[in-house]
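Q:
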Amino acid sequence: MNEVRKIPPVVHLSYAKGELIIKEGNYGISIYKILKGRVRIFKTSNSTIIHLATLGIGEVFGEMTFFNFLLEPRSASVVAIDDVELEVWHPALLTEEYKNMPAILRYITKQTMNRLLKINSIVDTLSKKKKKEKAKEESGLGKRRYFRKNIDQECIYRPVTHPLKLELRGVVKDINPLGLGVEVMAKNTMNFSHDLGTHLTIKFQLPSGSSINEVVVIRSIKKSRAPGYLLLGVEFKNISKDAIKRIGFSMMS
Amino acid sequence: MAIDSIIYGYIVKEEIVQPNVTIIEEGTKGDWMYVVLKGKVKVKKRTPLGLVTIDTLGEGAIVGEIPFLLKTHQLRTASVISEGVVKLGILDKERLEKEYELLSPQLNSLIKTLVLKLKETTKKASLLAAGQ
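As they're listed, the protein sequences go chains A and B. Count along the first sequence from 1, then add 80; that gives the number in this note's numbering. Count along the second sequence from 1, then add 933; that gives the number in this note's numbering.
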């Protein structure tokens, strides 16, 4: 074959701090290697800027277009963080080598490219989902599950497995069908330790007057605002349907 | 996906793996590569909330290529676990290394850039999937 190949020479370009080097969506074919400075790679989605990466000396960008066989527009934008100097390669410099490299290496590279595209789309989907959930939570819709009704009812509790029939006093501060917030005196721990996972039986009255007598497990321990007191987050264990109904009812009032 | 004949030439050994066997373990050293000849494997990644499945790969998929292509980072970036009974081919690492080293520094850095991106994106995806 008598083919004359004209491979454009490698050129050097300089960009000032803040200048856009690649614009997402544009068609471009060059590959860039950073000789000086840093660049930021970002995407724009619904007018939100998503930072993807910061690259420095010796690193390369513009490779996605190359491995996509120049068929796709630029998948992200690149901006100069500092004054940068770049070495610009024309893809023709490498296309021939890519075509002629051992087929298995081309196979592996193609596979890497396909996996990257697949995972990129997973990241996009999950990011959007997360954003939606966050917005939902901020608007209050997602909080319903965690809503707790504030009450102030004295309670009596004791560890289920304690050998002595202790009767400790506390105050139920908040309630929902999953659990309670109970304020207790820190010195109650003289008698036993308020450990995470400890089972307690707890007795108290709902504001409506009906009484609750259930087994709970300590899930969190925090210092209460009142000095010398602890706030226990406890979860109901095997709570009866009837009790759930009564708690639910008291939360509506 | 049918196995490409190109790949068969590189297989030095075949192995049958029982279900739920860890073929590659995240965080360990090693840069040999496998090709899935029969069956399916799961790619899993550790996150603060436990293991997350990133991908399920079938026949023709090459796994374990990331440390090989990066050279500098020899640790496995994810675990690969057999789903059912899997037939694997172990690829000729020495021959592949020699061929990979013959590439120009430019093409080599392009491939490395792509692989690094896959590594980073996979990490991001696993964290997102774990609800982080």
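Using N, Cα and C, we set each Cβ at its ideal position, and we do this for glycine too. Note that the coordinates shown come from a computational prediction; the quantities given were computed from them, not determined experimentally.
What three-state label does DSSP hand B/Ala-1011 in the structure shown?
A: Along the second sequence, one-based indexing puts residue 1011 of chain B at 78. Correct three-state label for B/Ala-1011: coil.
Q: So, under 8 Å CB-CB, A/Asp-275 and A/Val-251 are touching, yes? Tell me the CB distance rounded to an integer number of Å.
A: The sequence position of residue 275 of chain A within the first sequence is 195, counting from 1. The sequence position of residue 251 of chain A within the first sequence is 171, counting from 1. A/Asp-275 to A/Val-251, Cβ: 20 Å. No contact.
Q: In whole angstroms, give me the CA-to-CA distance for A/Ile-109 and A/Lys-209.
A: For the purposes of this step, residue 109 of chain A is taken as residue 29 along the first sequence, with counting starting at 1. For the purposes of this step, residue 209 of chain A is taken as residue 129 along the first sequence, with counting starting at 1. Computed Cα separation, rounded: 33 Å.
Q: Measuring only the C-alpha atoms, how far is B/Asp-988 from A/Lys-198?
A: Residue numbering aside, residue 988 of chain B sits at position 55 when the second sequence is read from its first letter. Residue numbering aside, residue 198 of chain A sits at position 118 when the first sequence is read from its first letter. About 9 Å.
Q: Using 8 Å as the threshold, is the segment 131 to 141 of chain A in touch with the segment 174 to 191 of chain A, meaning 3 or more CB pairs across them?
A: Touching, no.
Q: Who are the neighbours of A/Asn-148 on chain B, taking C-beta pairs under 8 Å?
A: Counting from 1 along the first sequence, the entry for residue 148 of chain A is found at position 68. Those within 8 Å of A/Asn-148 in chain B number zero; the least Cβ separation is about 11 Å.
Q: Using beta carbons (cut-off 8 Å, strictly below), is A/Lys-179 in contact with chain B?
A: Here residue 179 of chain A refers to the residue found at position 99 when the first sequence is read from its first residue. Answer no: the Cβ-Cβ gap between A/Lys-179 and chain B never drops below 8 Å.
Q: Would you please verify whether the beta carbon of A/Lys-210 is less than 8 Å from any beta carbon of chain B?
A: If you number the first sequence from 1, residue 210 of chain A lands on position 130. Output row for A/Lys-210: interface = yes.
Q: So, with DSSP's three-state summary, where would you put A/Leu-174?
A: The sequence position of residue 174 of chain A within the first sequence is 94, counting from 1. Helix, per DSSP.
Q: The beta strand (DSSP E) with B/Asn-1041 in it runs from where to where?
A: Taking the first residue of the second sequence as 1, we reach residue 1041 of chain B at position 108. Not the beta strand (DSSP E): B/Asn-1041 falls in the alpha helix (DSSP H), residues 1038 to 1062.
Q: Mapping the DSSP letters down to three states, classify A/Ala-96 as helix, strand or coil.
A: On the first sequence, position 16 is the one that residue 96 of chain A refers to. Residue state, collapsed to three classes: coil.
Q: Within a Cβ cutoff of 7 Å, which residues of the same chain sit near A/Asp-162, ignoring the five residues on either side of it in sequence?
A: The sequence position of residue 162 of chain A within the first sequence is 82, counting from 1. Here the set comprises Lys-97, Gly-117, Arg-118.
Q: With distances taken Cα to Cα, identify the nearest neighbour of A/Pro-153 among A/Asn-106, A/Thr-192, A/Asn-293.
A: One-based indexing of the first sequence puts residue 153 of chain A at position 73. The candidate whose alpha carbon is nearest that of A/Pro-153 is A/Asn-106.
Q: So, does the CB of B/Glu-1030 fall closer than 8 Å to a CB anywhere in chain A?
A: Within the second sequence, numbered from 1, the residue matching residue 1030 of chain B stands at position 97. So, not an interface residue.
Q: Below 8 Å, how does it come out for the segment 942 to 954 of chain B and the segment 993 to 1001 of chain B: are there three or more Cβ pairs, yes or no?
A: As far as the Cβ criterion goes, the segment 942 to 954 of chain B does not touch the segment 993 to 1001 of chain B, which means the pair count is below three.
Q: Can you tell which of B/Arg-1009, B/Tyr-1033, B/Ser-1037 has its C-alpha closest to the C-alpha of B/Thr-955?
A: Start at 1 with the first residue of the second sequence, and residue 955 of chain B comes out as number 22. Closest option to B/Thr-955, Cα to Cα, is B/Arg-1009.
Q: Reducing DSSP to helix, strand and coil, say where A/Ala-133 ends up.
A: As a first step, residue 133 of chain A is located in the first sequence; it is residue number 53 there, counting from the start. Three-state result, A/Ala-133: strand.
Q: Determine contact between the segment 286 to 295 of chain A and the segment 303 to 322 of chain A, defined as no fewer than three beta-carbon pairs at a distance below 8 Å.
A: Enough Cβ pairs lie closer than 8 Å, so yes.
Q: What does the Cβ neighbour count give for B/Asp-964, buried or exposed, with the cut at 16 atoms within 10 Å?
A: One-based indexing of the second sequence puts residue 964 of chain B at position 31. Flag for B/Asp-964 reads buried.
Q: The ligand ZN and B/Glu-1053: does the residue's C-beta get closer than 7 Å to at least one heavy atom of that ligand?
A: For the structure depicted, the ligand ZN is absent and the ligand set is empty, with no information on it obtainable.
Q: Are there 16 or more other CB atoms within 10 angstroms of the CB of A/Thr-128, so buried, or fewer, so exposed?
A: Looking up residue 128 of chain A in the first sequence gives position 48. Exposed, since its Cβ has fewer than 16 Cβ neighbours within 10 Å.
Q: So, does the CB of A/Met-193 fall closer than 8 Å to a CB anywhere in chain B?
A: Here the question's residue 193 of chain A lines up with position 113 in the first sequence. For A/Met-193, the answer is yes, since a Cβ of chain B falls inside 8 Å of its Cβ.
Q: Between the segment 182 to 201 of chain A and the segment 1047 to 1055 of chain B, are three or more C-beta pairs nearer than 8 Å?
A: Yes, they touch.
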